[in-house]
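The listed protein sequences derive, respectively, from chains A and B. Just so you know, we're using the numbering used here here: the first sequence kicks off at 1 and counts up by one. Just so you know, we're using the numbering used here here: the second sequence kicks off at 467 and counts up by one. Backbone N, C-alpha and C fix where the C-beta goes; we use that ideal spot for every residue, glycine too. None of these values were measured; they are calculated from a predicted model. One structure is given below, encoded as structure tokens.
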Amino acid sequence: MNGPNDSKDNQTNPGSAPILLGLQTELQPMVKVPDQGHSCCGAANTPSQEKTCCGPTASPDQMQKVDQILKSLMNEPLRQETAPPPVQEPLDTQDVPTAEPVESCCGYAPPPPSSHLERPGYQLWSFVDKFISTPVGQVPKVTTVLDKSDIQGTIMARLGGARDNYKICPGLYSVGDPDQDSPVLVTANYKLTFDSLRKELDGLNAWILVLDTRGINVWCAAGKKLFSTEEVISRVKMSGLHNIVKHKELILPQLSATGVSAHLVKKWCGFKVIWGPIRANDVKKFISAGMQADKPMRQVTFTTAERLELIPVELYLLRKPALWALAAIFLISGISPGFFSFSAGFSRGIMAASALLVGIVTGAVVVPILLPLLPGPAFYYKGALTGFFGGVLVAGLWWDQAGAMASLALLIFVTVISSFLAMNFTGSTPFTSPSGVEKEMREAIPRQMAALGAAVAIWLITGLFA
Amino acid sequence: METFRYLPGTSTLVLDTAACVGCGECSLVCPHGVFLLTDGKAKIVDIDGCMECGACAVNCSVKAITVTPGVGCASYVLKTRLKGKGISTCGSAGCC
Numbered sequence: 001m002n003g004p005n006d007s008k009d010n011q012t013n014p015g016s017a018p019i020l021l022g023l024q025t026e027l028q029p030m031v032k033v034p035d036q037g038h039s040c041c042g043a044a045n046t047p048s049q050e051k052t053c054c055g056p057t058a059s060p061d062q063m064q065k066v067d068q069i070l071k072s073l074m075n076e077p078l079r080q081e082t083a084p085p086p087v088q089e090p091l092d093t094q095d096v097p098t099a100e101p102v103e104s105c106c107g108y109a110p111p112p113p114s115s116h117l118e119r120p121g122y123q124l125w126s127f128v129d130k131f132i133s134t135p136v137g138q139v140p141k142v143t144t145v146l147d148k149s150d151i152q153g154t155i156m157a158r159l160g161g162a163r164d165n166y167k168i169c170p171g172l173y174s175v176g177d178p179d180q181d182s183p184v185l186v187t188a189n190y191k192l193t194f195d196s197l198r199k200e201l202d203g204l205n206a207w208i209l210v211l212d213t214r215g216i217n218v219w220c221a222a223g224k225k226l227f228s229t230e231e232v233i234s235r236v237k238m239s240g241l242h243n244i245v246k247h248k249e250l251i252l253p254q255l256s257a258t259g260v261s262a263h264l265v266k267k268w269c270g271f272k273v274i275w276g277p278i279r280a281n282d283v284k285k286f287i288s289a290g291m292q293a294d295k296p297m298r299q300v301t302f303t304t305a306e307r308l309e310l311i312p313v314e315l316y317l318l319r320k321p322a323l324w325a326l327a328a329i330f331l332i333s334g335i336s337p338g339f340f341s342f343s344a345g346f347s348r349g350i351m352a353a354s355a356l357l358v359g360i361v362t363g364a365v366v367v368p369i370l371l372p373l374l375p376g377p378a379f380y381y382k383g384a385l386t387g388f389f390g391g392v393l394v395a396g397l398w399w400d401q402a403g404a405m406a407s408l409a410l411l412i413f414v415t416v417i418s419s420f421l422a423m424n425f426t427g428s429t430p431f432t433s434p435s436g437v438e439k440e441m442r443e444a445i446p447r448q449m450a451a452l453g454a455a456v457a458i459w460l461i462t463g464l465f466a
Numbered sequence: 467m468e469t470f471r472y473l474p475g476t477s478t479l480v481l482d483t484a485a486c487v488g489c490g491e492c493s494l495v496c497p498h499g500v501f502l503l504t505d506g507k508a509k510i511v512d513i514d515g516c517m518e519c520g521a522c523a524v525n526c527s528v529k530a531i532t533v534t535p536g537v538g539c540a541s542y543v544l545k546t547r548l549k550g551k552g553i554s555t556c557g558s559a560g561c562c
């Protein structure tokens, strides 16, 4: 286009071509330069090429204006991408008068004043200790201690309510006092993941490169190709890592291997992937052993504690289906000799609802806890087994009131619910394969449907001929 | 993980030993110790431990490993059957 200026800008900002192009197209009507350059045949894709336009050329004045606007717009998104906002030095507080809060009767004591690290329009995470100066700008230094807000966030995420969108900003962070020889740890931007990593890094000097995995943990994000080869490469480039460290190595969590091809990362950004341990609490040991992992560091576990942590989310996700099931239970239980009876809906509905509750407990709580002890290996079988024992309890509870047939229906109902929920727990384990799950489901679903059909039929019949 | 075993004989994992160059990446990334490097070649030593996560295939630079990767999640499988692939994600299913 108008030659030298364009080329120069593109050389100083090598990665900016696509951004520049997007802006250019949008910009055209804005600057009102009629018929200039918009009818380009090819120049749009090669902004650094000169004089490939076949349309009329704009006057130097007009182009200079375009240039200025482009330049200002172009720098904007780039600065945001490459470095956090510049942190100004705090003012000399000795010269600034500060007001002492006066004690009064108005409610509570005021919270502490805003930190000097805060900036208008940004929210400062409490885990940021300070910002350190690097060749690519200010990089946050994070603490290795979890505070109250971190622990509250963890609890909320574990309970299920705040699990989605619990994330931090991707980009480069630091821990300890890292220099150009310090290791680079790559991780996901799920806050729970980030917290579990940084709390293990006390005493370590390292860089932490946080990828944009949309707030999803390492393994799941890798499975979804969010913790991906492309994301690693682009985040390495965006962060300017090659200006920060002398070496060319990245430590990735081993479980990200599902989404990241080490040989392609090396090929496209020059950094060698070192597969770190699976668990964050092995990271320091791994580094001090000269980047060597022993077998336990490389294999997943599924301890009782790990299984217990999953139960609240399992239950949380059952809220909606459970409400639908309750509505269905009320309707089916209310069908009576006189077409529909509200009192029967409630009195018999309570029995079926108790069966549902017990089925949820035996399927989504007891199975995860007793998982390795229950015979299987199919999960639906494990759930049916715990459900059967739960069902015997429920049938015994209502036997006198409901009679033998209806109690049998309750027993079957508990068994089916439990079996189905246990089968759903496959998605939360680190060892079930999709082929295996498909095989299990081909076997389980027809049986579960048949049993559920039988339970409903018996329940209806006993209700109609009560 | 020896304590937890799932249905045997279902894994789609296949290793082309002739194509293997013995780099050892598969045995490094596998979270279940399915591979072992012996005599400069990878070897599948525990096929029933495989959960088809696909890490080995993704990191095999000579494409000697094939596996149909996916998530072993019943509610995801159910959703894809009911709604069709692509529409459902395993995100809201609860597992991932």
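For residue i, which three-state DSSP category applies?
i, result
"Thr469 of chain B", "coil"
"Cys41 of chain A", "For Cys41 of chain A, the predicted model reports a pLDDT of 33, less than 50, meaning its position is unreliable; a value from the coordinates is still stated below. Three-state DSSP puts Cys41 of chain A in coil, outside helix and strand."
"Thr504 of chain B", "strand"
"Gln138 of chain A", "strand"
"Glu438 of chain A", "helix"
"Ile531 of chain B", "strand"
"Glu491 of chain B", "helix"
"Ile244 of chain A", "coil"
"Ile445 of chain A", "helix"
"Asp400 of chain A", "helix"
"Ile132 of chain A", "strand"
"Val414 of chain A", "helix"
"Leu481 of chain B", "strand"
"Pro47 of chain A", "Below a pLDDT of 50, predicted positions are generally treated as unreliable, and Pro47 of chain A, at 34, falls in that range; the measurement from the model is reported next regardless. Reduced to three states, the DSSP call for Pro47 of chain A is coil."
"Ala289 of chain A", "coil"
"Lys509 of chain B", "strand"
"Gly121 of chain A", "coil"
"Ile216 of chain A", "coil"
"Lys267 of chain A", "helix"
"Asp195 of chain A", "helix"
"Glu231 of chain A", "helix"
"Met517 of chain B", "coil"
"Tyr425 of chain A", "Reading the sequence as shown, one finds Phe at residue 425 of chain A and not Tyr. In the structure shown, Phe425 of chain A sits in a helix (DSSP, three-state: H, G or I)."
"Asp202 of chain A", "coil"
"Thr462 of chain A", "helix"
"Leu226 of chain A", "coil"
"Ala384 of chain A", "helix"
"Val468 of chain A", "Because residue 468 of chain A is not part of the residues shown, which for chain A are 1 to 466, the question remains open."
"Asn281 of chain A", "helix"
"Gly390 of chain A", "helix"
"Ala378 of chain A", "coil"
"Ser72 of chain A", "The predicted model places Ser72 of chain A with a pLDDT of 49, which falls under 50 and marks its position as unreliable; any figure quoted below should be read in that light. Ser72 of chain A falls in the helix class under three-state DSSP."
"Val467 of chain A", "An answer regarding residue 467 of chain A cannot be provided, because it is not within the stretch 1 to 466 covered by chain A."
So what does residue i bridge to, in DSSP terms?
i, result
"Tyr467 of chain A", "The question about residue 467 of chain A has no answer here: the residues shown for chain A are numbered 1 through 466."
"Pro253 of chain A", "A:Gly276"
"Leu209 of chain A", "A:Leu172 and A:Val186"
With respect to 6 Å, is the separation between the Cβ of residue i and the closest non-hydrogen atom of the ligand SAH below this value?
i, result
"Asn424 of chain A", "The ligand SAH is not part of the structure shown, which contains no ligands of any sort."
Segments of 3+ residues assigned as beta strand (DSSP E) that fall wholly inside the region 296–371 of chain A: none
May I ask you to list, following chain order, the residues of the region 500–524 of chain B that have a beta carbon less than 7 Å from some beta carbon of chain A? Cys516, Met517, Glu518, Cys519, Gly520, Ala521 and Val524
Check whether the region 283–297 of chain A and the region 391–402 of chain A are in contact - that is, three or more C-beta pairs closer than 8 Å. no
Unbroken stretches of the alpha helix (DSSP H), 4 residues or longer, contained in the region 137–180 of chain A: 148–159
Residues within the region 430–459 of chain A neighbouring chain B, beta-carbon criterion of under 9 Å: Pro430, Phe431, Thr432, Ser433, Pro434, Ser435, Gly436, Val437, Glu438, Lys439, Glu440, Met441, Ala444 and Ile445
Using 8 Å as the Cβ pair cut-off and three pairs as the minimum, do the region 500–519 of chain B and the region 454–465 of chain A touch? no
Would you list, in chain order, the members of the region 400–423 of chain A that have their beta-carbon closer than 7 Å to a beta-carbon of chain B? Met423
Quick one: which residues of the region 475–492 of chain B get their C-beta closer than 8 Å to a C-beta of chain A? List them in chain order. Thr476, Ser477, Thr478 and Glu491
For the region 178–212 of chain A, which residues have a beta carbon sitting closer than 8 Å to at least one beta carbon of chain B? none
Give me the subset of the region 249–280 of chain A whose CB atoms are less than 8 Å from a CB atom of chain B, sorted by chain position. Gln254, Leu255, Ala257, Thr258, Gly259, Val260, Ser261, Ala262, His263, Trp275 and Ile278
May I ask you to list, following chain order, the residues of the region 297–331 of chain A that have a beta carbon less than 8 Å from some beta carbon of chain B? Arg298, Gln299, Val300, Thr301, Phe302, Val313, Glu314 and Leu317
Please list the residues of the region 360–379 of chain A that have a C-beta atom closer than 7 Å to any C-beta atom in chain B, keeping them in chain order. Pro372, Pro377 and Ala378
At least three beta-carbon pairs within less than 8 Å, the region 405–413 of chain A to the region 422–436 of chain A: no
Cβ pair count under 8 Å reaching 3, the region 243–252 of chain A against the region 179–187 of chain A: yes
Should the region 269–284 of chain A be regarded as contacting the region 307–327 of chain A, the criterion being three or more beta carbon pairs within less than 8 Å? no
Would you check if there are 3 or more beta carbon pairs closer than 8 Å linking the region 357–370 of chain A to the region 326–346 of chain A? no
Is the region 199–217 of chain A close to the region 163–182 of chain A, with three or more CB pairs under 8 Å? yes
If we count Cβ pairs, one from each stretch, closer than 8 Å, do we get three or more for the region 468–477 of chain B versus the region 433–447 of chain A? yes
Contact list for the region 151–162 of chain A against chain B, Cβ threshold 7 Å: none
Does the count of Cβ pairs from the region 510–524 of chain B and the region 444–453 of chain A closer than 8 Å reach three? no
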